[in-house]
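Notes for the one structure printed next.
2 protein chains.
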Amino acid sequence: MATIKDVAKLAGVSASTASRALHDSSMISEATKERVRQAMAELDYSPNYSAQNLVNRQSNTIGIVLPVRESQESLGNNPFFMQIIQGISSVCSENNYMVSLASGRTDEELKKNIETLIRSGNIRRIIFLYSKKGDPVFQYVKKQKNIACVVVGEAYEKSAVGIQYVDNNNIQAGKDAADFLINKGYRKIIFASTDMDELVQAQRYQGYCQSLAEHSLEGKNLTLSRIDSQGNTQHLQALLAEHPGIQAFVACDDIMAIRLQRLFKEMGVSADDYAILGFNNSWVTEIASPALTSVDIFPYELGEKAAGQLLQTAKQDGRSAAVIIPHRIIERESTPKLEQ
Amino acid sequence: MATIKDVAKLAGVSASTASRALHDSSMISEATKERVRQAMAELDYSPNYSAQNLVNRQSNTIGIVLPVRESQESLGNNPFFMQIIQGISSVCSENNYMVSLASGRTDEELKKNIETLIRSGNIRRIIFLYSKKGDPVFQYVKKQKNIACVVVGEAYEKSAVGIQYVDNNNIQAGKDAADFLINKGYRKIIFASTDMDELVQAQRYQGYCQSLAEHSLEGKNLTLSRIDSQGNTQHLQALLAEHPGIQAFVACDDIMAIRLQRLFKEMGVSADDYAILGFNNSWVTEIASPALTSVDIFPYELGEKAAGQLLQTAKQDGRSAAVIIPHRIIERESTPKLEQ
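Chains as they are written, first to last, in the UniProt record's numbering: chain A, 1 to 340; chain B, 1 to 340.
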């Protein structure tokens with residue numbers, strides 16, 4: 001394994017000059033830097049980041065924070081997370097950065113794991129894959145010094161320094177989803193969610209409400225559990241009984257849309273009786289029956305952009321505005337034009 | 001943030017004694033170690049692992065290697081990977097270890113990313129989430145010094161030092177799956193795979209072949225692409241035309257089972273015309289139509305066990321036999337008893 005001395009020798013400079021060139025010091029001419037870079041490439045030199053970490057007090061690693069899930073399965077269930085991680089990874093790979101994961105079954109466990117990343121791993125760049133109101137984990141990270149943080153999700157605190165947001169315009173996406181159904185002829189449209197504290201869901205609901213209000217229609221939210229299928233059936237049946245004439249559902253994501261299809265099936269109701277639209281445009285839309293209309297939010301691009309923002313921060317240390325990744329409705333069978 | 005000096009002061013020992021106690025030195029009595037441990041807990045002391053990494057030349061991080069996938073989506077599609085990662089994470093969390101990910105769209109990219117983990121991150125403990133014959137990435141890792149490696153998958157090279165295997169008994173699982181269908185009355189049973197170089201699939205196929213041979217039945221493998229749905233339809237149609245009387249499919253995993261259901265639907269064939277059985281018992285089994293019988297292979301436990309083995313290695317540095325996680329067939333609607 002080549003050392004900085006080997007690099008210096010090949011480049012015909014002193015070890016300290018080579019080291020300065022490596023760290024892009026303004027004391028070194030561009031020509032010398034280029035010579036050192038070429039020698040590094042030729043020798044396949046890789047700086048010892050552990051040593052640099054000690055000096056810089058930060059590591060070339062991005063920490064990714066997954067949302068807390070009680071159940072072992074629910075994260076795996078949502079392809080969104082693996083796709084966004086792959087987007088982050090590809091950018092890290094290009095920049096010789098590493099990716100570390102923090103997850104937990106409780107807020108406490110997740111906080112402890114992030115603490116390990118920050119304190120033991122010297123990780124100073126963190127991406128939150130969720131945005132949740134009053135989240136104690138995020139509050140903890142915000143209090144730490146010298147952390148650059150990108151939140152994939154809605155900015156509920158615009159003012160924080162060192163924190164950037166990468167997101168879809170979820171209000172607009174919710175509005176577009178409801179507009180789409182209204183244009184298809186539906187009037188009694190329900191929003192189905194799991195947790196309104198998750199800002200993605202709250203924002204989509206807000207957009208949905210805007211659309212319905214503009215069309216002088218009444219909106220209603222149905223909250224279902226991610227796990228308890230027994231209670232879910234009762235909630236759905238109660239809703240249908242109390243509000244006769246329901247025609248369509250905007251589901252907070254594809255998983256919820258599939259859950260609705262399954263609940264209808266269990267209740268002996270044809271899935272064709274209700275239009276359903278989801279979000280994420282994940283692969284499950286294709287296996288849904290009927291195939292699911294869904295709003296694509298481009299998670300891979302979200303991940304790429306989040307990592308890109310974070311690595312830019314590392315260089316510029318400036319604050320930039322929230323980055324918005326566009327969305328697009330992908331129409332399938334679950335939202336036919338309503339026959340009048 | 002507490003330092004080792006603070007810990008030493010509270011424990012009433014010298015800093016060097018506290019440090020030795022922290023590293024479990026045999027020079028220090030158990031009573032003193034206990035006092036130091038209590039002081040550490042009280043002060044919430046966390047050793048600076050970057051400094052330790054430099055000394056130990058290895059970090060308190062487990063590197064997880066994901067299989068190469070050309071498409072951005074296919075990893076996210078398989079809930080198996082996120083579940084196994086969560087199992088690894090939970091054990092790492094308990095042991096104050098961190099988790100890093102290496103992924104790539106090509107072998108070259110993946111190799112480069114692992115190189116960064118080993119050379120720059122000083123990571124010496126690696127878990128491969130797949131086992132693939134002649135894999136250049138695994139060959140690269142094997143050549144590195146002082147790497148402890150756990151492969152989640154079949155051991156195709158039994159002799160390697162420093163490499164352990166955690167797996168299901170996939171031959172037995174394949175045999176059990178075929179036995180199950182045969183006991184239900186099926187005789188013409190096809191195995192559906194994507195890539196026989198992946199040892200999980202090859203082993204399940206081997207077990208399937210054993211079962212069919214024991215019952216004097218003929219086995220046949222159908223290879224379908226993970227992506228190309230047009231070619232898949234043609235392959236499936238050709239198979240059904242060439243081998244009339246096909247009754248059932250053992251799919252290499254749940255995703256493949258769902259793919260078959262979808263292909264049948266596209267071809268206008270009722271999914272009820274063929275029995276289908278998958279592997280992984282992932283959540284998609286429930287939304288499949290009909291609901292899918294599947295072999296549960298307990299990925300969370302696989303992840304827990306893989307991380308456990310690796311951390312044990314770190315202490316014992318001995319070689320232990322492959323660990324086998326039991327499997328279980330979960331029966332649903334897709335494999336009814338065949339009416340004679």
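All C-beta atoms in this analysis are idealised placements derived from N, C-alpha and C, irrespective of residue type, glycine included. Treat the numbers as computed from the prediction; the structure is a model and nothing was measured.
Asked: Out of A:207, A:241, A:262 and A:211, which one is the CA nearest neighbour of residue 230 of chain A?; Found: A:262
Asked: Does DSSP put residue 168 of chain B in a helix, in a strand, or in coil?; Found: strand
Asked: Taking 7 Å as the threshold (beta carbon to beta carbon), is residue 262 of chain A in contact with chain B?; Found: yes
Asked: Between residue 116 of chain B and chain A, is there a C-beta pair that is closer than 7 Å?; Found: yes
Asked: Taking 7 Å as the CB-CB limit, is residue 68 of chain B close to chain A?; Found: no
Asked: List the residues of chain A that residue 407 of chain B touches, going by C-beta distances under 8 Å, in chain order.; Found: Outside the displayed span of chain B (1 to 340) sits residue 407 of chain B, for which this structure offers no information.
Asked: Beta carbon of residue 211 of chain A, beta carbon of residue 184 of chain A: below 7 Å?; Found: no
Asked: If you count every other CB in all the chains shown that lies within 10 Å of the CB of residue 325 of chain B, and 16 or more means buried, which is it?; Found: buried
Asked: So what's residue 227 of chain B in DSSP terms, helix, strand or just coil?; Found: coil
Asked: If you reduce the DSSP assignment to three classes, tell me which class residue 278 of chain A lands in.; Found: strand
Asked: Could you check whether the stretch 163 to 174 of chain A touches the stretch 259 to 273 of chain A, counting it as contact only if at least three pairs of C-beta atoms, one from each stretch, sit closer than 8 Å?; Found: no
Asked: Residue 203 of chain B: buried (16+ other C-beta within 10 angstroms of its C-beta) or exposed?; Found: buried
Asked: Straight-line CA distance for residue 268 of chain A to residue 233 of chain A?; Found: 11 Å
Asked: In the DSSP output, what is residue 37 of chain A paired with across the bridge?; Found: According to DSSP, which records beta bridges pairwise, residue 37 of chain A is partnered with nothing at all.
Asked: Could you work out which residues of chain A lie near residue 267 of chain B, taking near to mean beta carbons separated by less than 8 Å?; Found: What residue 267 of chain B touches in chain A: nothing, since even the nearest Cβ is about 15 Å away.
Asked: Which of helix, strand or coil does DSSP assign to residue 221 of chain A?; Found: strand
Asked: What are the boundary residues of the alpha helix (DSSP H) that includes residue 17 of chain A?; Found: 15 to 22
Asked: Roughly how far, in whole angstroms, is the beta-carbon of residue 133 of chain A from the beta-carbon of residue 197 of chain A, given that I think they are within contact range, below 8 Å?; Found: 5 Å
Asked: Note down, in chain order, each residue of its chain lying with its Cβ closer than 8 Å to the Cβ of residue 309 of chain B, except the 5 sequence neighbours on either side.; Found: 150, 164, 166, 320 and 323
Asked: If the criterion is Cβ atoms closer than 7 Å, does the pair residue 220 of chain B and residue 182 of chain B meet it?; Found: no
Asked: Taking the alpha carbon of residue 331 of chain B as the point to measure from, which residue in B:300, B:307 and B:278 has its own alpha carbon closest?; Found: B:278
Asked: Would you call the CB atoms of residue 299 of chain A and residue 144 of chain A closer than 7 Å?; Found: no
Asked: 7 Å is my cut-off, CB to CB: does residue 113 of chain A come that close to chain B?; Found: yes
Asked: Please check if any C-beta of chain B sits within less than 7 Å of the C-beta of residue 131 of chain A.; Found: no
Asked: So that I know if they touch, is there some Cβ in chain A lying closer than 7 Å to that of residue 99 of chain B?; Found: yes
Asked: Just verifying my parser: in three-state terms, what is the DSSP assignment at residue 311 of chain B?; Found: helix
Asked: Does the distance from the CB of residue 126 of chain B to the CB of residue 63 of chain B come in under 7 Å?; Found: yes
Asked: Suppose you measure from the CA of residue 217 of chain A to the CA of residue 301 of chain A; what does that come to, to the nearest Å?; Found: 34 Å
Asked: 7 Å is my cut-off, CB to CB: does residue 258 of chain A come that close to chain B?; Found: yes
Asked: What do you get for residue 27 of chain B, buried or exposed, if any count of 16 or more other CB atoms within 10 angstroms of its CB means buried?; Found: exposed
Asked: Got a sec: which bits of the stretch 119 to 151 of chain B sit with their beta carbon under 8 Å from any beta carbon on chain A, in order along the chain?; Found: 119, 120, 121 and 122
Asked: Can you tell me where the beta strand (DSSP E) with residue 61 of chain A in it begins and where it stops?; Found: 61 to 65
Asked: Taking all protein chains shown into account, decide if residue 79 of chain B is buried (16 or more other Cβ within 10 angstroms of its Cβ) or exposed.; Found: buried
Asked: So residue 109 of chain A contacts chain B; which residues on that side make the cut at Cβ distance below 7 Å?; Found: 93
Asked: Does the beta carbon of residue 334 of chain A sit closer than 7 Å to a beta carbon anywhere in chain B?; Found: no
Asked: Starting from residue 149 of chain B and walking both ways along the beta strand (DSSP E), at which residues does that stretch end?; Found: 148 to 152
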